[in-house]
Amino acid sequence: MYQVIDRLGLSLFLGLLCLTTSCHGDKILMLPYGATHTSRAMNMEKLALMLTEHGHNVTMIVRADYTPWRPLPGVVLETYNVTVNDGSQLPRKLDFKTMMRLVKSDIFTLIHIESESNRETCKHMLSDKQLMSKIKRGTFSLFIFDYLELCSAILLYQLKLPSVMYSNYGLTGLWIANQNPLNPATTLMEGADFTNNMNYIERFRNTMLWIAANAFYNYYYIRDIENLLSTFLPDYNFPPIHRCFENVSIIIAANTHFALDFPRPVMPHIKPISGLQWTPPRPLSSDLLSFMSSAHHGVILMSFGSMMPTLEEETAELFAKVFSKFPQKVLWRYKGPVPPSLGENTKIMEWIPQNDILAHPAMKLFITHCGISSTWETLFHAVPVVAVPLFADQHHNAAKLVKRAKIGVLIDFHTMTQIELEEAINEVLTNEKYKQKAAKMSEILQDVPISGKDEFLFWIDYVIRHRGPLFLHNEAVFKLSWYQYYLLDIILPFVAAFLCFTFLLKVFAVCMFKAAVRVIRLLLKRVKLKRS
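According to mature numbering (1 follows the signal peptide of the UniProt record, and there is no 0), the stretch in the sequence shown is residues -25 to -1, 1 to 507, in order.
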């Protein structure tokens, strides 16, 4: 009897010991992209919850007007004000007019607006001396940041912590800050709407995108960081700013799988992880469940994401007219005025649980703007698409869905007509090949040896254990100048030597030819003299 009690006591003690050990985690500081309230921040929240569930203590730096997408138990939010001179707040979301301006403009307008917003947000954060002081005293073990966040470079310098760079867009853009190998002849740039099997025109366009990305990095990104440094760190004294990310321990390239992304070289410290933010579907509300279950011909989902909840009235009317012609029920995420031609088969909601809806067996088609979260959710749930990209990376995502995965068709938002939209929807609904391709892609993406969550947590713990494993880096890549990186210091001397050799050979040949001509003339003169 006593032995049984002793064993129970020992088991209880060991259980409590294990529980205590698992709860004793490291302090982790996270910096999401703060300029706008988008899916980038939403996905960073998911990572924070993974870390707290794993036993770590997480602190996130956010704007004072930040509204979490979900409850964040165990996550500490350190805030800073973004009040401008007139007492108002910097906009957390771009207004409808600005969004339409972005949709109708080129990538450079988008870069300018995003850069300006990013710069102003960073200024307010760095101006909050109380926040900065608290962060410096925080005794954190790790710093995780979004690679688009300007302030990350300054905090990297100030905190000198092991760090993890996070990319919501996978491998897109990482080569800029980290010298990841990229050849524009074979690797697509952000904004490319074609495959990596490029013809001459496409290689030219991709090269121009590559040049533009370099110009953005040097003109906007580096210049903005240098200006912030001169203001907030006047005694700034460390290597050139373009090398500010060389001590990043690893890079988490979320939403990456080479069945969808075009294959490319990746350095050892870059960790592509697929399905990182994927979460199991939750039960639908009784209202939505009734709507989905009563759809005898299936359901079409229409959503352009959190950044584009409304449309111009003419465009909304076009969609409403087309939807009314189909026997399927339509669930439409939309905040604008109800279009006059809205059919009885269409249900409008200001917000929908997209992941949960896509998982329902009644789903037949997803009309999407191809945001990164929407792209991966539709792939995981094997739902074919009509891709309607609006701006930025959405064109690249649409190309991968339509031309790489082949799970749908693409239409141009700017030029589409009622007939084109109707034909696109009908094509995907009636052609079984799109559903079959989507099912196969879903199977491939989920056929992995370890879940995205477990892989992410492993690499976070790995960085903490080894206090920043810089041995994964190719240090020479960061130390080489641009002309050394592209071997111009090797190639140009050879070219110069070849040109010199060719020139000397030509001079020698000309001299020899002239000498030969003189000798021949001299011989001819002698022959003539002998004959005479």
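Glycine is no exception: its CB is placed at the ideal position from the N, C-alpha and C atoms.
| Asked | Found |
| --- | --- |
| Cβ contact check for the segment 349 to 363 and the segment 377 to 388: 3 or more pairs under 8 Å | yes |
| Cα-Cα separation between Gly365 and His344, rounded to whole angstroms | Sequence check: residue 365 is Leu here, not Gly. About 6 Å. |
| At least 3 beta-carbon pairs within less than 8 Å: the segment 169 to 180 vs the segment 479 to 486 | no |
| At least three beta-carbon pairs within less than 8 Å, the segment 95 to 113 to the segment 125 to 135 | yes |
| Limits of the unbroken alpha helix (DSSP H) element including Phe294 | 288 to 298 |
| Beta-carbon separation (whole angstroms), Ser299 vs Gly318, contact threshold 8 Å | 3 Å |
| Three-way DSSP call (helix, strand, coil) for Ala362 in this model | strand |
| Under 8 Å between C-beta atoms of Lys2 and Thr114 | yes |
| Alpha helix (DSSP H) segment containing Leu428, residue limits | Reading off the sequence, residue 428 comes out as Lys, not Leu. Residues 427 to 440. |
| Distance between beta carbons of Lys246 and Ala228, contact taken as under 8 Å | 6 Å |
| Nonlocal neighbours in the same chain, by C-beta distance under 6 Å from Phe341, ignoring five residues either side | Leu276, Thr353, Val358, Val360 |
| Cβ-Cβ separation, Gly273 to Lys322 (assumed contact under 8 Å), whole Å | Contact flag wrong, Cβ pair sits at about 14 Å. |
| Nonlocal neighbours in the same chain, by C-beta distance under 8 Å from Ile495, ignoring five residues either side | none |
| Cα-Cα separation between Lys489 and Ala471, rounded to whole angstroms | 27 Å |
| Whole-number beta carbon distance between Pro159 and Asn193, since they are thought to touch under 8 Å | Between Pro159 and Asn193 the Cβ distance is about 17 Å, and since that is not below 8 Å, they are no contact. |
| Among Lys304, Phe169, Phe279, nearest to Ile347 - alpha-carbon criterion | Phe279 |
| For Glu398, the nearest candidate out of Asp368, Val297, Ser316, Val37 (CA to CA) | Val297 |
| Rounded C-alpha distance that separates Pro328 from Phe237 | 30 Å |
| Where the alpha helix (DSSP H) through Tyr141 begins and ends | No alpha helix (DSSP H) holds Tyr141; the beta strand (DSSP E) holding it covers 138 to 142. |
| Residue from Lys135, Ser224, Leu499, Leu333 with nearest C-alpha to Leu447 | Ser224 |
| Contacting residues, own chain, Cβ-Cβ under 6 Å from Gly250 (five flanking each side not counted) | Gly427 |
| Whole-number beta carbon distance between Val33 and residue 508, since they are thought to touch under 8 Å | The structure shown does not extend to residue 508, since the chain spans only -25 to 507, so no value can be given for it. |
| Touching by the beta-carbon criterion (3+ pairs, under 8 Å), the segment 258 to 272 and the segment 193 to 210 | no |
| Buried versus exposed, by CB contacts within 10 Å (16 or more), Lys304 | buried |
| C-beta atoms of Tyr141 and Phe120 nearer than 8 Å | yes |
| Alpha-carbon to alpha-carbon, Ser92 and Thr147 | 21 Å |
| Extent of the continuous alpha helix (DSSP H) run through Met5 | Taken as a continuous stretch (DSSP letters only), Met5 belongs to no alpha helix (DSSP H), being part of the beta strand (DSSP E) at 2 to 6. |
| Beta-bridge pairing of Trp307 - partner residues as DSSP gives them | Met277, Ile323 |
| Beta-carbon separation (whole angstroms), Leu117 vs Ser138, contact threshold 8 Å | 7 Å |
| Buried versus exposed call for Asn372 [16 or more other C-beta atoms within 10 Å across all chains shown] | buried |
| Rounded straight-line distance, which links the Cα of Lys412 to that of Ala39 | 45 Å |
| As assigned by DSSP and simplified to three states, the class of Tyr458 | helix |
| Span separating the alpha-carbon of Arg257 from that of His87 | 39 Å |
| Rounded separation between Glu430 and Arg440 - CA only | 15 Å |
| 6 Å CB neighbourhood of Val502 in its chain, flanking five on each side removed | none |
| Per-residue DSSP class, three states only, for Val384 | strand |
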